[in-house]
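Trainee: So the protein lines, in turn, are chains A and B.
Counting in the numbering used here, the first sequence runs from 693 upward without gaps.
Counting in the numbering used here, the second sequence runs from 1125 upward without gaps.
Next up is a structure, given as structure tokens.
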Amino acid sequence: MTEKSGADILIETLRELGVDVVFGYPGGAVLPIYDALFQQSESNRPIRHVLVRHEQGATHAAEGYARSTGKPGVVLVTSGPGATNAVTGITDALMDSIPIVVITGQVATHLIGTDAFQEADTVGITRHCTKHNYLVKSPDKLADTVREAFHIATSGRPGPVVIDIPKDVQVATARFKPAGPIAHPTYRPQTKPDAAKIEQAIDMIAAAERPILYTGGGIINSGPDASRLLRELAAITGAPVTSTLMGLGAFPASGSQWLGMLGMHGTYEANWAMNQADLIVCLGARFDDRVTGRLDAFSPNSRKIHVDIDRSSINKNIRVDLGVVGDVGVAIADLIEAWHVRKHPKPDLTDWWARINGWRATRSLDFEDRKDAIMPQRAIQALWEATRHRNPIITTEVGQHQMWAAQHFHFEDPNKWLTSGGLGTMGYGLPAAIGAQLGNPDDLVIDIAGEASIQMNIQELGTATQYRLPVKVFILNNEYMGMVRQWQELTYQSRYSESYSDALPDFVKLGEAYGWKGIRIEQRGDLEAGIQEMLDYNGPVIVDCRVAKLANCFPMIPSGAAHTDMILGAAQVAGELDDEAKALV
Amino acid sequence: MHIKEELKERHTLAVIVDNEPGILARIAGLFTARGYNIESLTVSEITDDNRISRITIVTSASRPVMEQIIAQLERLVPVHKVTDLTAWGPHVERELALVKVAGTGDHRIEALRLAEVYRARVVDATISSFVFEVTGGTEKIDKFVELMREVGLVEVARTGVVAIARGREAV
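Structure follows, in structure tokens:
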């Protein structure tokens, strides 16, 4: 059998694993791999390479691709700066459990440790922001390492895996070994929950008078089946459903049992229901601080069930009464089956729903619309009304616009909402939209952005142009880093330290310079027409939507406060917080 | 505002891992990244083929944090098994120290006498110095080193704790 170069082995293995697109940027230490990509035979389903403009963009594009398709995203970058530029996206994928495999070039093995040109200790730097990482020292080990990396990235709690490949390993040859069964000696994530725990959970659900299903990104990660099963579980138990930011779309926003998102910018009814519940069933969420608010006041009188594939998530922030380790989709299927086996009738939750409807009557997402300005919430609503029939994929940057999008854009299906939740990475949305559009060429993909965040990866406009991707960027431009300003109003008596967006580019001209269509919307009366113009254009469009400058995002649980201390509107905003609250993120 | 301290307990963990490059950095880094503390850490290969290592970690943490430490360690791909020996029950903990003492006359005689009491062996001697080898629990070693300070302690090297459960079962 003839030998192949490490670079050819890599390409062959990626193809074997079903990879159809790689997001990357060439450089010295990956030239052999780029040459192998170039020389792929057209007849053999070649891997498509998408050239980004900055390696961070490649990682977010891979995340967008992964989150919207359910398949792992793949990144290829060079050594040194290529790898370090990718670190933010890798960390983002770790925090949000997104399966990506990042292949980094490395200087030749004999140069490692000599401070060679473009050398960085990539495995050292990424050790704590990956699920796992590898330095491959022989072409012989490459194929199996890549297979194991994909297995680890996609199984259990998904996450980023880095494979660092020295340049000489890309050039040296070895025999290409066909895939055997993946048999890692110890890595065996538990997907099937213990039957006894499922029975216990059913006892608790059946006994509950005020249950709530608190769902998260784990349901999306588990696959479309998990979302379908969640709907069934909600139907048979009659329990209200709320979700974290990452879990939006797992349960349809049009469903009568939907309470909206919970947490810092969640709805009044979701947070009060969490606080007053006697049973919380946490499905694939992780009791993040943005969800719990003040820990000692979090849902004080409830029993808690936590289903998570990652045992370390259970009892990390909140002590629970029953921890169930397993894939959330499998767990929900088991719960439904056990419920049916016992022939449980649908519980009578009339009193509980009466209280929930009382909280709903607060209409906490309502805002005062204006004639003389475009309220950012109204802009999101208008975008939703104009596009809902097309079931679009929405990405966001990070800040006020992200929260308004989570509140006012309503999702019916999983894999349609791509946002940076855990790490909160400004600059995520545009590259993520590019990745999502590549994975879903026929879908409408819109990045809802802020004028500050969009500038963090603005260079990716060029990537969309090059690959003729018709992504839309809808900027809510209020000329402020709005969320920072909002916190300064709440915490620092409106001392706006560095939170204004000065020297903004003309986004219309900027878009045009990159070959995009640019649209500016300035008047309230032009909002709907402007959105329609964006949708009608067959190609990438950037919209500079000038919104009311000082609008803030409500409802809000201030830092260090309990769910019951929600601020519903600007009139309730206090001037200065105490030191304990200031010290919280 | 002042930062609050939590009540902590000392635990000894036995961690069985794949002997692969970077595993020690991965574990040590996990402790620093998540703010856990390490009192002692020892590592050595334990199989003929050199593929498995046993790491003994002594750490102190509150009970919930202890539970997290174990769960976080188990999450690492190359980690096979984590056993909390303190929670497991009776176990033996030992460390070895090499203690160098310099001096003459009464100090020298007293050092030898104390070494005998502590069952320390002389592994090197000159006219004016000894190197003692002493094994035992951490407290015994601490005490021995403290006593040697009075009679001319020059230098100490300690291995840190290794531990194993009592009885016939493997952890």
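Backbone N, C-alpha and C define an ideal beta-carbon position, used for all residues, glycine too.
1. From the beta carbon of D1271(A), is the nearest beta carbon of chain B less than 8 angstroms away?
2. Considering only residues of the region 831–907 of chain A, which uninterrupted alpha helix (DSSP H) runs meet the minimum length of 4 residues and lie entirely inside it, listed in chain order?
3. Consult DSSP for Y1192(A) and reduce its assignment to one of helix, strand or coil.
4. List the residues of chain A that M1190(B) touches, going by C-beta distances under 7 angstroms, in chain order.
5. Applying the 10 Å Cβ sphere with the 16-neighbour rule, what's the burial state of R1003(A)?
6. Tell me whether I1249(A) sits in a helix, a strand or coil according to DSSP, three-state version.
7. Excluding the five sequence neighbours on either side, which residues of its own chain have a C-beta within less than 6 angstroms of the C-beta of F715(A), listed in chain order?
8. Measure the Cβ-Cβ separation of T878(A) and H1204(B) and say whether it is below 8 angstroms.
9. Using a beta-carbon distance below 8 angstroms, is V1201(B) in contact with chain A?
10. Going by alpha carbons, who is nearest to A1254(A) out of T780(A), S733(A), G985(A), L1122(A)?
11. At 3 residues or longer, and completely inside the region 916–981 of chain A: list those beta strand (DSSP E) runs for me, N to C.
12. Check Q810(A) in the structure and name its three-state DSSP category.
13. So is Y1188(A) buried or exposed if we call it buried at 16+ other beta carbons inside 10 Å?
14. Using a 10 Å radius around the Cβ and a threshold of 16 neighbouring Cβ atoms, would you call H1081(A) buried or exposed?
15. Under the assumption that N913(A) contacts S735(A) (Cβ atoms under 8 angstroms), give the Cβ distance between them as a whole number of angstroms.
16. Report all residues from its chain with a CB closer than 8 angstroms to the CB of A1262(A); omit the five preceding and five following residues, and keep chain order.
17. So what does DSSP say about V1012(A), is it helix, strand or coil?
18. Using a Cβ-Cβ cutoff of 8 angstroms, what residues of the region 1134–1157 of chain B are near chain A? List them in chain order.
19. Within 8 angstroms (strictly less), CB to CB, does E1219(B) reach chain A?
20. Where do the ends of the beta strand (DSSP E) carrying G716(A) lie?
21. Looking at the C-beta of S1251(A), does it have a partner C-beta in chain B at a distance below 8 angstroms?
22. Examine chain A for any beta-carbon lying closer than 8 angstroms to the beta-carbon of A1185(B), and answer yes or no.
23. Taking 8 angstroms as the CB-CB cut-off, is E1129(B) touching chain A?
24. Is the region 1207–1215 of chain A close to the region 1053–1060 of chain A, with three or more CB pairs under 8 angstroms?
25. Under the assumption that V861(A) contacts K829(A) (Cβ atoms under 8 angstroms), give the Cβ distance between them as a whole number of angstroms.
26. For L1168(A), report the span of its beta strand (DSSP E) as first-last.
27. Counting C-beta neighbours from all protein chains within 10 Å, is the total for R978(A) 16 or more, i.e. buried, or is it exposed?
28. How would you write the range of the alpha helix (DSSP H) that Q1224(A) sits in, first residue to last?
29. For the beta strand (DSSP E) holding F1256(B), just list the boundary residues, first then last.
30. Round the Cβ separation of S1252(B) and A1226(B) to the nearest angstrom and send it over; I've been treating them as touching at under 8 angstroms.
31. So V999(A) contacts chain B; which residues on that side make the cut at Cβ distance below 7 angstroms?
32. Since D856(A) meets chain B, which of its residues come closer than 8 angstroms, beta carbon to beta carbon?
33. Report buried or exposed for H1126(B), applying the criterion of at least 16 other Cβ atoms within 10 angstroms of its Cβ.
34. With a Cβ-Cβ cutoff of 8 angstroms, do I1167(A) and A1205(A) count as a contact?
35. With DSSP collapsed to three states, give me the class of H802(A).
36. Are L975(A) and T883(A) touching if we call contact CB-CB under 8 angstroms?
Mentor: Taking the structure as given:
1. So yes, D1271(A) belongs to the interface.
2. With a minimum length of 4 residues, the continuous alpha helix (DSSP H) runs that stay inside the region 831–907 of chain A are 831–846, 859–863, 887–899.
3. Three-state DSSP puts Y1192(A) in a strand.
4. Neighbourhood of M1190(B) in chain A, by CB distance below 7 angstroms: empty, with the nearest CB roughly 11 angstroms away.
5. Burial call: buried.
6. Coil, per DSSP.
7. Closer than 6 angstroms at Cβ, skipping near neighbours: V742, V744, A750, A753, A754, V767.
8. By the CB criterion at 8 angstroms, T878(A) and H1204(B) fall inside the cutoff.
9. So, interface residue.
10. The candidate whose alpha carbon is nearest that of A1254(A) is G985(A).
11. If you keep only unbroken beta strand (DSSP E) runs of at least 3 residues inside the region 916–981 of chain A, you get 933–935, 950–953, 971–975.
12. Here Q810(A) sits in coil by DSSP.
13. Burial call: exposed.
14. With fewer than 16 Cβ atoms within 10 Å of its Cβ, H1081(A) is classed as exposed.
15. About 35 angstroms; that fails the 8 angstroms criterion.
16. In its chain, beyond the 5 residues on either side, N1244, F1246 have a beta carbon closer than 8 angstroms to the beta carbon of A1262(A).
17. Coil.
18. The residues in question are D1142, P1145, G1146, A1149, R1150, G1153, L1154, A1157.
19. Chain A contact via Cβ: absent.
20. Here the beta strand (DSSP E) through G716(A) covers 713–716.
21. Contact with chain B is absent for S1251(A), since none of that chain's Cβ atoms lies less than 8 angstroms from the residue's Cβ.
22. At a cut-off of 8 angstroms between beta-carbon atoms, A1185(B) makes no contact with chain A.
23. So, not an interface residue.
24. In short, these stretches do not touch, since the Cβ pair count stays below three.
25. Contact holds; Cβ gap of about 7 angstroms.
26. Note, L1168(A): beta strand (DSSP E), 1164–1169.
27. The residue is buried, with at least 16 neighbouring Cβ atoms inside 10 Å.
28. In the DSSP assignment, Q1224(A) falls within the alpha helix (DSSP H) that extends over 1219–1228.
29. Here the beta strand (DSSP E) through F1256(B) covers 1253–1260.
30. With a Cβ gap of about 6 angstroms, S1252(B) and A1226(B) count as contacting.
31. None at all; the shortest Cβ gap to chain B is about 15 angstroms.
32. Within 8 angstroms Cβ-Cβ: nothing; D856(A) doesn't reach chain B, min ~11 angstroms.
33. Residue burial annotation: H1126(B) is exposed, with fewer than 16 other C-beta atoms found within 10 angstroms of its C-beta.
34. For I1167(A) and A1205(A), no; Cβs fall outside 8 angstroms.
35. Under the three-state reduction of DSSP output, H802(A) falls in the helix class.
36. Taking C-beta atoms as the reference points, L975(A) and T883(A) fail to come closer than 8 angstroms.
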